[in-house]
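Residue numbers (my numbering): 30 to 485.
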Ligand SMILES: [Zn+2]
């Protein structure tokens with residue numbers, strides 16, 4: 030880390046406030062958001078997970094006919110319950126949520142033996158500002174399950190942790206933030222999503238992300254929660270949750286990869302900026318769990334729904350507990366040599382899931398409260414000079430901050446407020462640091478930062 034003093038008063042510049050840069054790690058919570066996220070309930074999360082487990086086997090290829098829905102077994106019953114649950118939250122907030130489904134028929138694949146209807150269930154909390162309601166932040170988890178045998182759709186596949194926990198996070202965020210929306214106005218839209226088909230190849234999230242891309246949805250952030258149960262196994266660290274983010278964007282074409290290589294932009298995908306934003310939220314709010322950023326798409330041998338969104342060019346990250354217990358994942362429920370296998374509710378730490386839900390809710394509320402990120406952010410590179418000038422499009426009434434970090438630092442180190450105009454010159458060389466510009470409103474909500482494009 031470069032010492033702050035080395036920038037010191039020398040960082041004053043003609044277009045920025047005549048104040049020294051501040052540490053980017055300074056917390057800045059909105060007290061009202063901090064109050065609202067306290068409503069996240071470990072008891073309610075436990076009820077949600079136990080209910081999901083009660084459907085027996087939630088495999089995407091399990092039953093979804095009327096009879097199975099009536100008996101409360103199979104993925105169809107799980108889907109109908111999630112829908113009813115979201116509708117119940119909506120009733121409690123005066124119809125503030127629009128509950129929807131995204132249904133399609135998947136053709137046979139390796140793990141889908143015959144044409145199968147897949148349904149994603151989601152609720153939309155529409156932004157309160159008509160000018161900003163097209164901006165979307167989204168939280169997701171997968172409600173489908175399976176046991177050791179993909180073809181076995183009858184025997185239990187409880188999947189309390191994978192991914193009852195992530196489904197519960199999405200639902201709990203819906204419950205708490207829909208309630209909060211009567212007191213807090215969220216100018217941007219929040220979507221609470223639960224998908225199916227994850228275990229068959231991310232089928233549900235792929236369909237949803239493609240639909241969003243085709244329809245031009247402006248999704249700024251996707252928070253995928255998958256295995257956030259805080260498994261009560263040995264060596265668990267329940268004070269942290271891992272946040273995985275891609276480096277080189279999956280959606281980049283050859284020209285974009287070339288540009289990233291030239292700029293040294295390998296650690297500045299929009300997903301990585303989202304991960305840093307979550308780190309900032311973790312410092313600002315007392316969620317009870319700290320994000321532990323992993324600069325990698327996912328764990329080895331594993332994938333998740335965030336990748337389906339990355340492939341369509343959206344910023345998306347994955348939350349996963351610190352240490353996974355493989356005896357309780359993808360295992361049939363059984364006891365062998367005195368070891369209990371299976372993904373059962375008794376191995377889930379419901380308090381931990383609640384803390385992860387609080388971190389998610391604080392992130393969603395911060396992003397949905399914030400103004401839009403600055404547009405058309407440029408860094409002037411036509412002259413050989415040691416100062417750096419950044420420009421962007423001014424939005425009416427908006428204030429901005431320039432953030433930067435040493436090229437070898439993982440997270441933003443310094444922040445310089447810019448209260449007037451849409452241009453700043455900072456006495457720091459663009460050769461030595463990475464810059465970003467973010468929008469700030471009067472209440473202190475920050476947008477995601479935008480890394481400038483060089484302009485000659
Ligand atoms: Zn999973």
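Glycine included, every Cβ here is placed at the ideal spot set by N, Cα and C.
heavy atom of ligand 1 below 7 Å from residue 147 C-beta: Locating residue 147 in the chain shown gives position 118, counting from the first residue. Flag unset: Cβ of residue 147 not near ligand 1.
At 3 residues or longer, what runs of the beta strand (DSSP E) sit wholly inside the segment 315–360? 319–323, 345–350
For residue 275, three-class secondary structure by DSSP: Stepping through the chain shown from its first residue, residue 275 is reached at position 246. Reduced to three states, the DSSP call for residue 275 is coil.
Under the rule that 16 or more other beta-carbon atoms within 10 Å means buried, what is residue 458, buried or exposed? Numbered from its first residue, the chain shown carries residue 458 at position 429. Under this definition residue 458 is an exposed residue.
8 Å Cβ cutoff met for residue 322 and residue 207: Here residue 322 refers to the residue found at position 293 when the chain shown is read from its first residue. Here residue 207 refers to the residue found at position 178 when the chain shown is read from its first residue. No. Outside cutoff.
Going by other Cβ atoms of all chains shown within 10 Å of its Cβ, with 16 needed for buried, is residue 360 buried or exposed? Translated into the one-based positions of the chain shown, residue 360 becomes position 331. By the neighbour-count rule (16 or more Cβ atoms within 10 Å), residue 360 is buried.
Using the Cα positions of residue 243 and residue 251, report the straight-line distance between them to the nearest angstrom. Here residue 243 refers to the residue found at position 214 when the chain shown is read from its first residue. Here residue 251 refers to the residue found at position 222 when the chain shown is read from its first residue. Going from the Cα of residue 243 to the Cα of residue 251 covers about 17 Å.
Please list, in chain order, all residues of the same chain as residue 279 whose beta carbon is under 6 Å from its beta carbon, the five residues on each side excluded. Along the chain shown, one-based indexing puts residue 279 at 250. These residues qualify, in order along the chain: 339, 340.
For residue 354, is the beta carbon positioned less than 7 Å from some heavy atom of ligand 1? One-based indexing of the chain shown puts residue 354 at position 325. Answer for residue 354: no, Cβ out of range of ligand 1.
In the DSSP assignment, find the unbroken alpha helix (DSSP H) run with residue 97 in it and report its ends. Within the chain shown, numbered from 1, the residue matching residue 97 stands at position 68. Looking at the DSSP string, the run of the alpha helix (DSSP H) that includes residue 97 is 95–100.
For residue 218, tell me which candidate among 197, 247, 228, 194 has the shortest Cα-Cα distance. Here residue 218 corresponds to residue number 189 of the chain shown, with the count starting at 1. Across the set 197, 247, 228, 194, the C-alpha of 247 shows the shortest separation from the C-alpha of residue 218.
Reduced DSSP category for residue 450 - H, G, I as helix; E, B as strand; rest coil: For the purposes of this step, residue 450 is taken as residue 421 along the chain shown, with counting starting at 1. If DSSP states are grouped into helix, strand and coil, residue 450 belongs with coil.
Taking only three categories from DSSP, how would you classify residue 312? Reading the chain shown from its first residue, position 283 is the one you call residue 312. Helix at residue 312.
Close beta carbons around residue 353, own chain, < 7 Å, minus the five adjacent residues each side: For the purposes of this step, residue 353 is taken as the residue at position 324 of the chain shown. Excluding residues within five positions, the ones whose Cβ falls inside 7 Å are 256, 260.
As a quick exercise: from 146, 130, 129, pick the residue whose alpha carbon is nearest that of residue 136. Within the chain shown, residue 136 is the residue found at index 107, counting from 1. Residue 136 has its Cα closest to that of 146, out of 146, 130, 129.
Measuring from each Cβ to the nearest heavy atom of ligand 1, keep the ones under 5 Å and list them in chain order. 191, 192, 255
Residue 381, enclosing alpha helix (DSSP H) - first and last residue: As a first step, residue 381 is located in the chain shown; it is residue number 352 there, counting from the start. 379–398 is the extent of the alpha helix (DSSP H) around residue 381.
Considering just the uninterrupted stretch of the alpha helix (DSSP H) at residue 64, what are its terminal residues? Along the chain shown, read from residue 1 onward, the residue named residue 64 stands at position 35. Where residue 64 is concerned, the enclosing alpha helix (DSSP H) stretches over 60–65.
Report the three-state DSSP secondary structure of residue 375 (helix, strand or coil). Locating residue 375 in the chain shown gives position 346, where the first residue counts as 1. DSSP places residue 375 in helix when its eight states are reduced to three.
DSSP three-state label for residue 37, please. Translated into the one-based positions of the chain shown, residue 37 becomes position 8. Note that residue 37 has pLDDT 37, beneath the 50 cutoff, so the model's placement of it is unreliable and the number below is only indicative. Of the three classes helix, strand and coil, the one that applies to residue 37 here is helix, per DSSP.
Should the segment 194–207 be called in touch with the segment 72–88, which here means at least 3 C-beta pairs below 8 Å? yes
What residue range does the alpha helix (DSSP H) around residue 198 cover? What you label residue 198 is simply residue 169 of the chain shown in a count that begins at 1. First-last of the alpha helix (DSSP H) with residue 198: 195–209.
Just how far apart, CA to CA, sit residue 116 and residue 230? The residue given as residue 116 occupies position 87 in the chain shown. The residue given as residue 230 occupies position 201 in the chain shown. Residue 116 and residue 230: Cα-Cα distance of roughly 28 Å.
Bridge-paired residues (DSSP) for residue 220: Working through the chain shown from its first residue, we reach residue 220 at position 191. According to DSSP, residue 220 bridges with 153, 167.
Select from 419, 454, 440, 392 the residue whose C-alpha is nearest the C-alpha of residue 475. Start at 1 with the first residue of the chain shown, and residue 475 comes out as number 446. Among 419, 454, 440, 392, the Cα nearest to that of residue 475 belongs to 392.
Environment of residue 355 [buried if 16+ CB atoms lie within 10 Å]: Your numbering for residue 355 matches position 326 in the chain shown. The residue is exposed, with fewer than 16 neighbouring Cβ atoms inside 10 Å.
Can you pull the DSSP bridge partners for residue 237? Within the chain shown, the letter at position 208 stands for residue 237. None; residue 237 has no bridge partner.
Measure from the alpha carbon of residue 183 to the alpha carbon of each residue in 101, 449, 406, 233, then state which is nearest. Here residue 183 is taken as the residue at index 154 of the chain shown, counted from 1. Among 101, 449, 406, 233, the Cα nearest to that of residue 183 belongs to 101.
Judging by CA-CA distance, which residue of 164, 387, 265, 66 is the nearest neighbour of residue 400? Position 371 of the chain shown, counted from the start, is the residue given in the question as residue 400. Answer by Cα proximity: 164.
Find the nearest neighbour of residue 271 within the set 385, 418, 63, 89, judged by alpha-carbon distance. As a first step, residue 271 must be located in the chain shown, where it is residue number 242. Ranking the options by Cα distance to residue 271, first place goes to 385.
C-alpha distance - residue 334 paired with residue 414, whole-angstrom precision: Looking up residue 334 in the chain shown gives position 305. Looking up residue 414 in the chain shown gives position 385. Cα to Cα, the separation comes out at about 44 Å.
Determine the extent of the beta strand (DSSP E) in which residue 248 is found, giving its start and end residues. Taking the chain shown and counting its residues from 1, one reaches residue 248 at position 219. Note, residue 248: beta strand (DSSP E), 247–254.
Inter-residue Cα distance where the pair is residue 65 and residue 284: Position 36 of the chain shown, counted from the first residue, corresponds to residue 65. Position 255 of the chain shown, counted from the first residue, corresponds to residue 284. The straight-line gap from Cα to Cα measures roughly 44 Å.
Helix, strand or coil at residue 269 [DSSP, three-state]: Walking along the chain shown from the start, residue 269 turns up at place 240. Reduced to three states, the DSSP call for residue 269 is strand.
Residue 51 in three-state terms, based on DSSP: Here residue 51 corresponds to residue number 22 of the chain shown, with the count starting at 1. Reduced to three states, the DSSP call for residue 51 is strand.
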